[in-house]
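The structure under discussion appears below in the form of C-alpha cells.
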Amino acid sequence: MQAKRVRTRFAPSPTGFMHVGNLRTALYEYLIAKSMGGDFVLRIEDTDQERLVEGAVDVIYRTLARVGLKHDEGPDVGGEYGPYIQSERRDIYRDYAEKLVEMGHAYYCFCTKERLDSLHKEGDEFGGYDRHCRNLPKEEVDRLLAAGTPYVIRQKMPLEGSTTFVDAVYGEITIENKEIEDQILLKSDGYPTYNFANVIDDHLMQITHVVRGCEYLTSTPKYNLLYEAFGWEIPTYVHLPLIMGKNEDGSVSKLSKRHGSTGFEDLIREGYLPETVVNYIALLGWCPKGNEEIFSLEELVQNFSIDRISKSPAVFDYDKLTWMNGEYIRALPQEKFIELAMPYFREVFPDTEPNGKILAEILQPRVTKLTQIPEMIAFFRELPEYEKDLFVNKKSKTNLENSVDMLRAAIGCLEKIPQWTVDQIHDSLLALAQELGVKNGTLLWPVRIAAAGMTVTPGGAMEILTVLGKEESLRRLQIGLEKLLAADES
RNA sequence: GGCCCGGUCGUCAAGUGGUUAAGACACCGCCCUUUCACGGCGGGUUCACGAGUUCGAAUCUCGUCCGGGUCACCA
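Residue numbering for the first sequence follows my numbering, beginning at 886 and increasing consecutively.
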C-alpha cells in the first residue's frame, strides 16, 4: 500500500493583516507538509463579501515570501486543483449544497434575520436556531423558492447520539449531537460559510492534514458529519494551542493588540528580523527534541514532528523574542548588518555618510532590535548636557582632580595622532596610560565621559573618538576639561 | 450558562510510574572588561488542590478549583 502524498493548506481570510497566530498556523502547515515531503497549498478564503479589504491578498503573498514559506499551489502560482480563491468557486459550493439537500442532509431555510434575532432576545443569550424550517413540506419549499424568497441552506444535524473524532494533538474528542446547531452552509448571498467551503475545498484539493487553531475544536464534528454525508474520507486534524498575551493585571487572554504588536509587519517595523519571528513562533506550541532553540526554516523542516506539538496555550513573550532577535542580529554577516542598519544610521547622520563599519562594530553585539539604534547613537550627533560628577568612578579610580590631568594628557596625545583610526587611537592611548603609570580605566573613563557625555555608551572610548572624528573629539574633551576646571573654582 | 480543551519556576518548556524535576528567556550575584553589551560561572520551596490506585505518582483514576475556547448569513 502506498502512502498518500501529504498535502496541507494555509487558508487565510484576506483582512489586510497577518496576525502572528495566523502566521504560526501557516508555518506549522508548511512544516508538516515539507517534513513529510508533501505539498503546501495557499487558498484564499474571501467568502465574506462585507469584509473584503483592498490589497489584502498582497499582504499574504508578501508575508509568506518574506519568511520563506513557499507554496506549491495557489492563486498566483496555479496548480491542478484551482481555482484557489473561494469567490471563484461559488458554483461548486452551490452544487454540493443542493446535492446535500437532495440526499436529505440539508434543507432550505427561509427565516428572516428579524425572526432569528427575536429568538435570541426572548430566550437566553446562548439560544441557537430553533430548526423552524427543518421540516417544511416539499410543496411549501418549492412555492417559496419559485416566489424568489431569500433563503439559506442549513445542515441537518442528527438529533441524537454523539460524534467522535481523533485529533492528532488532542486525542479523542466526543461531542453530543444535540449540542450541534443546524449550521448555515450556503448564505443568502450565495456564498458558502467558512465551515462548508472548507470541507468542500479540503476534499477537492485532497488536503490530508487540516491544521488550524484549537478554537475550531468544538466545531469539528460538524465537519465530520459533512464528510460522512458525502461519503468522503476524513482528513487528519491537527489543532494548535492558542497564542495568549499577558495582561497588565497578570491574567492572560488571546493575543491581541493591547498586548503589543501582533501583526507580522508590525513586528518587522519594530525592528525584529523575519527569521527571528519565524523561529520564535515555531517554539510557541512546539518543542524540539534537544536543547537547541535557534532554528532556520530549513532546520525546522528537518526537526518538526506533530507529536511534539503542545496542548496548552502559550503566552507570547516579547522578552524572549527580543533576546532571540539579538542572537540573530549578532549572527548576521557584518555587511548584512550594515545594510539593515543603514536607514537607522541615517536618521542620526542625515547630512554625512555614516561610518557603517565602525558603527556596526560597536552596535552589532549590543543591539537587540534595529529600532534601538538611533537612540543608542544619538550622542554622536550632539553632546548631551551632563554633570561633572560623571567623571567620578570608583572602579576606574577616577575623581574630579585626576580627571583633569587625564583629559589634559589625552588631548595632548590625541592632537599628535597623524591618522585618525581606531588602531592608532588605541595604541596611543594605551601607551599614554602606561607612561602615566595609571590603569587603562583611569585614563579611558574620563575620556569616554567627555566624548559621550554619559556613563553608559555602546562601544568604548576609542570607538567613540573614531566615529566623532578628530576635530569633534578634541572639542568635546576640551569642553569636559573646562567643565571640570570651572567646577574647581567654585 | 451548556459543551469542549487545558493546568510542571514570572514566561516558553523537557518529562509518558523510580530523575538531585532538564534546558531557555527574564531576574539576582560574581568573573571578564574601557562603561554597557557579549561571553563565563553561580543562585530559586516550580509539578493548582484533595482523595484514590501502587512498594513507589509530576506521570494512572476521580472530584474540586483555576484558566482558555465555543455557542453568527465572521473566519
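Ideal Cβ positions, reconstructed from N, Cα and C, are used throughout, including at glycine. For clarity, every value in this text was computed on a predicted model and none was experimentally measured.
For residue i, the first and last residue of its enclosing alpha helix (DSSP H)
i: glutamine 1219; result: 1219-1233
i: glycine 1033; result: It is not in any alpha helix (DSSP H) - glycine 1033 carries neither H nor E in the DSSP assignment.
i: aspartate 976; result: 975-987
i: aspartate 933; result: Premise fails: aspartate 933 is in no alpha helix (DSSP H) and is neither H nor E.
i: aspartate 1151; result: 1149-1154
i: lysine 1242; result: 1241-1248
i: glycine 1326; result: 1325-1337
Minimum C-alpha distance to residue i - residue among the options
i: threonine 910; options: Leu1021, Pro1126 and Asp1027; result: Pro1126
i: valine 1354; options: Gln1363, Thr1306, Asn1325 and Phe902; result: The residue you asked about is not valine; residue 1354 is glycine in the sequence shown. Checking every option, the nearest Cα to that of glycine 1354 belongs to Thr1306.
i: arginine 1019; options: Arg1028, Gly1033, Val1037 and Leu1004; result: Val1037
i: proline 1077; options: Phe995, Tyr1055 and Ser972; result: Ser972
i: asparagine 1287; options: Pro1331, Thr1342 and Val1137; result: Pro1331
i: isoleucine 1058; options: Gly1130, Thr1049 and Gly967; result: Thr1049
i: alanine 1371; options: Lys1273, Ala950 and Gly1322; result: Lys1273
i: tryptophan 1117; options: Glu1133, Ile1092, Lys1131 and Asn1132; result: Ile1092
i: proline 1228; options: Thr1256, Glu1025 and Tyr1122; result: Thr1256
i: isoleucine 1349; options: Lys1324, Glu1267 and Glu1367; result: Glu1267
i: cysteine 996; options: His1017, Glu1010, Asn1325 and Arg974; result: His1017
i: arginine 1097; options: Leu1317, Pro1022 and Asn1080; result: Asn1080
i: leucine 1359; options: Thr893, Ile1296, Met988 and Glu1150; result: Ile1296
Cutoff 6 Å; reference residue i; Cβ partners in own chain excluding five residues on either side
i: phenylalanine 1234; result: none
i: leucine 1152; result: Ser1146 and Val1162
i: leucine 838; result: Past the boundaries of the shown model lies residue 838; the chain is included only from 886 to 1375, so the question cannot be answered.
i: serine 1375; result: Reliability fails at serine 1375, whose pLDDT of 49 lies under 50, so the model's placement of it is uncertain and the value that follows must be treated cautiously. Cβ neighbours of serine 1375 beyond the five flanking positions: none.
Residue span of the beta strand (DSSP E) that contains residue i, given as start and end
i: serine 1138; result: 1137-1139
i: lysine 1131; result: 1128-1131
i: serine 1047; result: 1047-1052
i: isoleucine 1191; result: Per DSSP, isoleucine 1191 belongs to no beta strand (DSSP E) and is neither H nor E.
i: tyrosine 993; result: 991-994
i: isoleucine 1058; result: 1056-1061
i: valine 1123; result: 1121-1125
i: phenylalanine 925; result: 924-927
Three-state secondary structure (DSSP) of residue i
i: methionine 1209; result: helix
i: asparagine 1278; result: strand
i: valine 1026; result: helix
i: proline 1077; result: strand
i: valine 944; result: helix
i: leucine 1369; result: helix
i: leucine 1070; result: strand
i: tryptophan 1305; result: coil
i: glutamate 1270; result: coil
i: cysteine 1018; result: coil
i: histidine 1094; result: strand
i: phenylalanine 895; result: strand
i: histidine 1088; result: helix
i: histidine 904; result: strand
i: phenylalanine 1180; result: coil
i: phenylalanine 1011; result: coil
i: leucine 1359; result: helix
i: isoleucine 970; result: strand
i: alanine 1316; result: helix
i: arginine 1000; result: helix
i: alanine 1199; result: strand
i: arginine 1039; result: strand
i: glycine 959; result: strand
i: threonine 1351; result: helix
Contact set for residue i: own chain, Cβ-Cβ below 8 Å, skip 5 residues either direction
i: proline 1250; result: Arg1215
i: methionine 1209; result: Thr1161, Asn1164, Tyr1165, Glu1178 and Ile1179
i: methionine 1339; result: Phe1264, Pro1269, Tyr1271 and Leu1275
i: lysine 1242; result: Gln1219 and Ile1223
i: threonine 1351; result: Asn1240, Ile1243, Trp1305, Thr1306, Val1307 and Ile1310
i: aspartate 924; result: Arg890, Val891, Arg892, Thr893, Ala918, Asp957 and Glu958
i: glycine 940; result: Gly901
Cβ neighbours of residue i in the same chain (closer than 7 Å, five flanking residues each side left out)
i: histidine 904; result: Thr1147 and Gly1148
i: alanine 991; result: Ala982, Leu985, Ile1038, Arg1039, Gln1040, Lys1041 and Leu1070
i: leucine 912; result: Leu954, Val1163, Ile1166 and Ala1167
i: histidine 1005; result: Gly1012
i: threonine 1207; result: Thr1253 and Lys1254
Practice task
Take every Cβ of the region 935-944, pair it with every Cβ of the region 890-905, and state whether three or more of those distances are shorter than 8 Å.
Solution key: yes
Problem - Three CB pairs or more closer than 8 Å across the region 1295-1312 and the region 1261-1280 - result: no
Exercise for the section: Report yes or no: do the region 1239-1259 and the region 1283-1301 share at least 3 C-beta pairs separated by less than 8 Å? Expected result: no
Exercise for the section: Decide if the region 1147-1158 is in contact with the region 1208-1223; the criterion is three or more beta carbon pairs, one per stretch, under 8 Å apart. Expected result: yes
Handout entry: Three CB pairs or more closer than 8 Å across the region 1105-1114 and the region 1084-1091
Key = yes
Handout entry: Inter-stretch contact at 8 Å, needing at least 3 Cβ pairs: the region 1197-1204 / the region 914-934
Key = no
Problem - Inter-stretch contact (C-beta, 8 Å, three-pair minimum) for the region 1161-1179 and the region 1097-1106 - result: no
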